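With the first letter of the sequence shown counted as 1, position 7 gets the number 7 in the working numbering; the numbers rise by one all the way through.
We put the CB at the ideal spot given by N, CA and C, even for glycine.
Bear in mind that the values here come from a model prediction, so they are computed numbers and not experimental data.
Written out below as structure tokens is the structure these notes cover.
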Amino acid sequence: MAPSVSPTIAARRDQMFPVLSDVDIERMRRFGVPRTYAAGEPIVVAGTVSPGLILILSGKVEITQAGG
1 MAPSVSPTIA ARRDQMFPVL SDVDIERMRR FGVPRTYAAG EPIVVAGTVS PGLILILSGK
61 VEITQAGG
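Dropping the structure here:
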């Protein structure tokens, strides 16, 4: 059974996972460098310095905790 989503998370879903137009994506490209990740490759690891923003243009991301 899937865990229930808190009302706060549900209300902020559009803020956390916005749908960007092609114009929005092109505007954001100047703030970073496109990067491709292999299946299973970590994008961010807890305890390390990471970029301030990650814009996922395609594919799927799995969020896990160490040891799980």
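For residue 53, which option in 4, 10 and 18 has the closest C-alpha, if you only look at C-alpha atoms?
-> 18
Residue range of the unbroken alpha helix (DSSP H) whose run includes residue 25 = 22-28
Would you please state the rounded distance, in angstroms, between the beta carbons of residue 28 and residue 55? I believe it to be under 8 Å.
-> 6 Å
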